[in-house]
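Residue numbers (my numbering), protein chains in the order written: chain E, 1 to 615; chain B, 1 to 345. We treat Cβ as the ideally placed atom computed from N, Cα and C, and that holds for glycine. Some notes on the structure that comes next.
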Amino acid sequence: MTKQIRQLDRVVIRFAGDSGDGMQLTGDRFTSETAQLGNDISTLPNFPAEIRAPAGTLPGVSSFQVHFADYDILTPGDAPNVLVAMNPAALKANLADLPRGADIIVNTDEFTKRNLAKVGYASSPLDDDTLDGYAVHPVALTSMTIGALAELDVSKKDAERAKNMFALGLLSWMYSRPYTSTLRFLERKFAKRPELVAANVAAFKAGWNFGETTEDFAVRYEVKPAKMPPGTYRNITGNAALSLGLVASGVRSGLPVFLGAYPITPASDILHELSKHKRFGVTTMQAEDEIAAIGAALGASYGGALGVTTTSGPGVALKSETISLAVALELPLVIVDVQRAGPSTGMPTKTEQADLNMALFGRHGEAPVAVIAPKSPSDCFYAALEAARIALTYRTPVILLSDNYVANGSEPWLLPDVESLPDLRVEFATAPNGEDGTTFLPYLRDPQTLARPWAIPGTPGLEHRIGGLEKADKTGDISYDPTNHDFMVRTRAARIETIPVPDIEVEDPDGDARVLVLGWGSTYGPIGAACRALRQRGLPVAQAHLRHLAPMPANLGTVLASYDRVVIPEMNLGQLAQVIRARYLVDAIGYNQVRGLPFTAAELETMLEEVLKNV
Amino acid sequence: MSEPIALKLTAKDFKSDQEVRWCPGCGDYAILAAVQQFMPELNIPRENIVFVSGIGCSSRFPYYMNTYGMHSIHGRAPAIATGLSVSRPDLSVWVVTGDGDALSIGGNHLIHALRRNVNLKILLFNNRIYGLTKGQYSPTSEVGKITKSTPVGSADAPFNPISLALGAEATFVGRTIDSDRKHLQSVLRAAAEHEGSAFVEIYQNCNIFNDGAFDQLKDPGIRDDHLIRLEHGQPITFGKDGQFCVVHPPGGFGLEVRETASTAAEEIVVHDAGVADPAYAFALSRLPGFDLRNTPIGVFRSVARPSYDSVVQSQVAEAKAKATETPEQQLAGLLGSGDTWTIVG
C-alpha cells in the first residue's frame, strides 16, 4: 500500500527505556541519520547515575530526546511529539511531559503484570483510560525482533537486545531518515562479532519494513533540510567539542597538551577522548585523585606544556588549593568544570549552573582567575581555545564552566578552517631580563599583559625558584613586606581585571526592547528560543549572553543601564544575579530553577511575558 | 656515544643567593651541604635539575639550591613533580619532603608516585615531629609521644616509611642519616643512578622540637651496635666487632638478628638489593626495635622496572611517529572525522 507523506517543520522525539535497553545509542543513531539529512538538531540525553538500576523500575529509566527541524533551532524541545516507551516504567516516567495528541509507541511485550506492578500501575495503561487523547501505537517490539532473527545464529538474549534497532528502524521509516550511516556504524561497532552485525541490521530492517506494511502507521513524515550556512558539518556533543578544542589549542600553540584528570561524571568523556589523540603530542594521566590531577597539570605547565585538568564540581572543590598556587605562581592552567547538580554527590548525571560562585570566589586568599562558559555544545570547541588563549597569554589559571546539558547534548557543528583558528603561539623566556644583563627577574611583568616571563626548566642562566610564599615584586624572592604584599595582591587582581575580552552583544532586532534577558553558559538556547517566540508575537525583548564571567565585558555596565528591566534566568539560586547587583547596582530580576534539567523555552516565555506586562 | 663533557661544577655553583633560614643546629643544614657537594658529581647542567617540595621545614630546600625549583603545597610535591617529569624527560627531578608532608597530608601522592615508578628522586627528611607548626607529633612519631597536641601521649601507631615505600612496590628504597655525609652521598649516588622512583629516607634531627631523636644511631660510643650498614653482596653483620648478624630462620616469615659467634657462616643473609620480591627488603625494614636498635641504613632495594615516564613518552612518540601530515592537516582530519555532511551554498 502507498502511504501518505506529510510534511512537518519540526519534530521532537523521545526514546525512553530501561538503562540496559540502549536508548542513548538509539537516540544517537537517529540523530546522526537526521544530521545526514541536513535538518538542524538539538539533543538532550537524560539518564540515571546508576549503571544498571534495577530493571523495569522508574529510577532505571534512561531517555534521549532529539529535536529536528527545517529551520535553525536552539533547544532540544520542550515537549516530545513522539514518545517511544520500551517498558511501563519508561511510559510512566515520561507521560507527564507529553502534550495530548502526541504519538506514543509502546513495546507491548514488556507490559506484563509484573512490570506494571513494579511501577505501580494497577491495570495496564494500554487497556484503561490513562492514554486517552494520545495516539497510541502498540507494537510487540521484543517478540517481533526475536521473530525476525529466528533464522540467524544468535542467542535469544542477543536477539532480544537488538530490539532497540527494531525501534530505530521503525522511527527511521516514520521520519524518512537515511540509514546507510547506521548500517556502517553497526559494522564498525560489532566488527569482531559478525553475527551481531547481521542480527542488528536484520532488526533494523524488520522495524523499517514493519512501518511500511502495518496499517497502524498510515502516515509517513518528512522534515526538509534546514537552511544552514554552506560548509561541512558534523553532529557534536559538548564534551567532544571541548576535547577537540583542547587538541586544537595544542596544535595552534605548538605546545604539548598535558591532561591530568580523575574520573568523574559528567567530565570523564573528555579524558577518554583526549587519551586517543597522542599523535598530537597530547599526554593524558589518570591521576590518583583530583588534587594530583591538577598538581600534575600544573607541574607540566611549569615545564612548558599546556596543563589542563577536567572535572566536575566536587573535583573543583578539591583542586581549590592548587588553583590558588597557580594564581601565585602565575602559570597557565585550564580547569574544566562540567557542572552537575550539587551539593556533594547531588545528581551526577543532571545539569546545574551552581558552581559559578565557586569558580569566581571559591578559593582562599585573594585569588582571582579568569572564568568563561560555553553557550552550546559546539561552542565548547571555541570556549576551550579561548580558555587556552587567556591561560597562555596572561599566565593564569582559567576556569571553563561547562555543564551536563551542553556536555552531553549535541548539535550540528560547521567545521572551522584550521587556519582561521586563533594563533596561540607563546614565547618562553630565553635570556636574563634584569638591567644588569645577567640577573633573571621571574616576576618582572610585561607592561601590556602584566604577565610574568615563562622561564621553563632547561633554560640556561634563568634558574630560579618559585613557590606559594609571597614573592617580592620583580625578583620573586620570598617577601613578608606589608607594602609588597598589598601591591602583589592588587596586581594579581588587576592582571585578571584588565584582560581584554570582547564586548557583550545584544540581540534586539527592532531595537525597541525595554527588557533585557541576561544569561550565561548553557541557558543560551532556551533563552534565545523564548525571546524569538515573544518577538514573533510582537513582544520586543532583548537578549545578551555572557561568555566571559571574569573579567566581564567592559561595556556590560552600559548595556545593563540602557534597559528598564534586566532578567537573569539561571539554573541556580541567583549567583550571576548577585554579582550583577553587586558590581553594577542593577536591580536584576532572577528566574531560578534547579531541577537538574534545562529550562524549557515555554516557561521562560511565560515568565518573560509577565515581566513585559509590568514594565 | 661520545663521553659527556665534564661541566666542572662545584658545590658553590649549587648555592643560591638566598639566606638559609633554618634554626641554627638543624639537621637540614647538613643535608643541604651534602646535596650541594654531591650535585656536581651528576654532571648535569644546573638548568636541567629541578627541586620540587611541599610544605614544612624541609620543603624550604629548593630556595637554597641554585637550580630550578618549586616550593609547592603541603603534600602535593610528588603529584606536581610527576606532571613535570612525565612531560619533560630531559630533566632530573628531585622531590624534597618531610614526614608530615609525605606521609600524612601527602601519603596518597607518595604511594602512587612510587607504584607508578615515576622518574623522581624523593628525599624524605624524617625528624619524627612537626617542626614548622611548632611541635605536634607526626605520622612517624613513636606511640605515647608527648607533644603540644598530645599532652598525655600520642595514641597513633607510626608509619615505618621504608615499609610503606616497599608496600607501594617502590623500585628503589634507601635510608641514610643527616650527620653521615659520606653515607648520605653514597645513597644519593645510587638513587640518582636509578631509573624510576628512588625513595630515600633521611633521618634528620630537629634540635628544637625533637632533639636527639636519632642519637643512638649517631653516638660514636654505641652507634655501631645499633646500625646495620647494608652493602649489596655482603653478608649482613654489624656491631662494633661484627658480633651480630641477620639470618632468615627456617619456617619464619621474616629476618632475625643473631649473635655471629653462634651462627654458621652460611646462615648469615647476604644482602641482595636486587631481589625482585619486595618481601625481602620489607623484612629488613622490620628489624629495628622501638629504641632504634638494629636499624638498617643503605640501599634496601634497587630493582629495574620501566619508569612511568618512559612508558608514557614512548606511547606518545609511537603515535607521533606514525603521523605523516603536519599537525594542522592532522587537526583538520580529526575535526572532520566521523559522520559529516556538506551543505552547498
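Of the residues the options, the one placed nearest residue i, counting alpha carbons only
| i | options | result |
| --- | --- | --- |
| E/THR213 | E/VAL336, E/LEU170, E/ALA35, E/ASN239 | E/LEU170 |
| E/ARG535 | E/ARG495, E/LEU608, E/TYR221, E/TYR563 | E/LEU608 |
| E/GLU574 | E/ASN357, E/THR232, E/GLY304, E/ALA317 | Note on identity: in this sequence residue 574 of chain E is Gly, with Glu being the wrong assignment. Closest by alpha carbon: E/ASN357. |
| E/LYS156 | E/ALA191, E/THR145, E/PRO526 | E/THR145 |
| B/GLU193 | B/ALA11, B/ALA79, B/GLU19, B/GLU41 | B/GLU41 |
| E/SER243 | E/PHE111, E/ILE466, E/ALA267 | E/ALA267 |
| E/LYS319 | E/ILE399, E/PRO348, E/PRO80 | E/ILE399 |
| B/ILE49 | B/ALA81, B/GLU142, B/ARG286, B/VAL20 | B/ALA81 |
| E/GLY365 | E/THR322, E/ALA373, E/ALA384 | E/THR322 |
| E/GLN543 | E/PRO509, E/THR558, E/ALA561, E/VAL334 | E/PRO509 |
| B/TRP341 | E/GLU50, E/GLY27, E/ASP40, E/ASP9 | E/ASP40 |
| E/THR108 | E/LEU98, E/LEU415, E/ALA167 | E/ALA167 |
Interface flag, residue i vs chain B, CB-CB below 8 Å
| i | result |
| --- | --- |
| E/GLY468 | yes |
| E/ALA384 | no |
| E/GLN339 | no |
| E/GLY434 | no |
| E/LEU325 | yes |
| E/VAL586 | no |
| E/THR438 | no |
| E/GLU187 | no |
| E/GLY27 | no |
| E/GLU618 | Residue coverage of chain E in this structure runs from 1 to 615, which leaves residue 618 of chain E outside it and unanswerable. |
| E/THR322 | yes |
| E/THR232 | yes |
Min CB distance residue i to chain E below 8 Å
| i | result |
| --- | --- |
| B/MET70 | yes |
| B/LEU7 | no |
| B/ARG76 | yes |
| B/ILE122 | no |
| B/VAL311 | no |
| B/MET1 | Here B/MET1 scores only 45 on pLDDT, less than 50, and its place in the model should not be relied on; the value that follows carries that caveat. No, its Cβ sits nowhere closer than 8 Å to a Cβ of chain E. |
Sub-8 Å separation of residue i and residue j beta-carbons
| i | j | result |
| --- | --- | --- |
| B/SER163 | B/ASP101 | no |
| B/ASP339 | E/SER32 | yes |
| E/GLU570 | E/GLY538 | no |
| E/ARG465 | B/GLY75 | no |
| B/ARG223 | B/GLY298 | no |
| E/LEU325 | E/GLY476 | no |
| E/LEU89 | E/LYS113 | Sequence inspection shows Ala at residue 89 of chain E; the Leu mentioned does not correspond to that position. Result no, Cβ atoms of E/ALA89 and E/LYS113 do not sit closer than 8 Å. |
| E/GLY307 | E/ALA297 | yes |
| B/ALA30 | B/SER179 | yes |
| B/ARG89 | B/LEU110 | Per the sequence shown, the amino acid found at residue 89 of chain B is Pro instead of Arg. The answer is no: Cβ separation not under 8 Å. |
| B/VAL118 | B/SER85 | yes |
| E/GLY346 | E/SER42 | no |
| E/ASP337 | E/VAL369 | no |
| E/LEU329 | E/ALA359 | no |
| E/GLY250 | E/VAL282 | yes |
| E/ALA79 | E/LEU98 | yes |
| E/LEU131 | E/ILE104 | yes |
Status (buried if at least 16 other CB within 10 Å, exposed otherwise) for residue i
| i | result |
| --- | --- |
| B/MET1 | Caution applies to B/MET1, whose pLDDT of 45 falls short of 50 and renders its modelled position unreliable; the value that the coordinates give is listed next. The residue in question, B/MET1, is exposed, as its Cβ has fewer than 16 Cβ neighbours within 10 Å. |
| B/ASP219 | exposed |
| B/CYS23 | exposed |
| B/ASN294 | buried |
| E/ASN115 | buried |
| E/THR232 | exposed |
| E/TYR179 | buried |
| E/PRO412 | buried |
| B/GLN330 | buried |
| B/HIS71 | buried |
| E/GLN65 | buried |
| E/THR498 | exposed |
#### Entry: Interfacial residues, the stretch 460-488 of chain E to chain B, with Cβ spacing under 8 Å
PRO460, GLY461, LEU462, GLU463, HIS464, ARG465, ILE466, GLY467, GLY468, LEU469, ASP477, ILE478
### Query
For the stretch 82-106 of chain B, which residues have a CB atom closer than 9 Å to at least one CB atom of chain E, in sequence order?
THR82, GLY83, LEU84, SER85, VAL86, SER87, ARG88, ASP90, LEU91, VAL93
### Query
Looking at chain E, which residues of the stretch 327-340 of chain B have a Cβ within less than 9 Å of any of its Cβ atoms?
PRO327, GLU328, GLN329, GLN330, LEU331, ALA332, LEU334, LEU335, GLY336, SER337, GLY338, ASP339, THR340
#### Entry: Selection of the stretch 29-63 of chain B by Cβ proximity to chain E, strictly under 7 Å
PRO45, ARG46, GLU47, ASN48, VAL50, PRO62, TYR63
### Message
Beta carbons nearer than 9 Å to chain B: which residues of the stretch 408-423 of chain E have them?
### Response
PRO412, TRP413, LEU414, LEU415, PRO416, ASP417, VAL418, GLU419, LEU421
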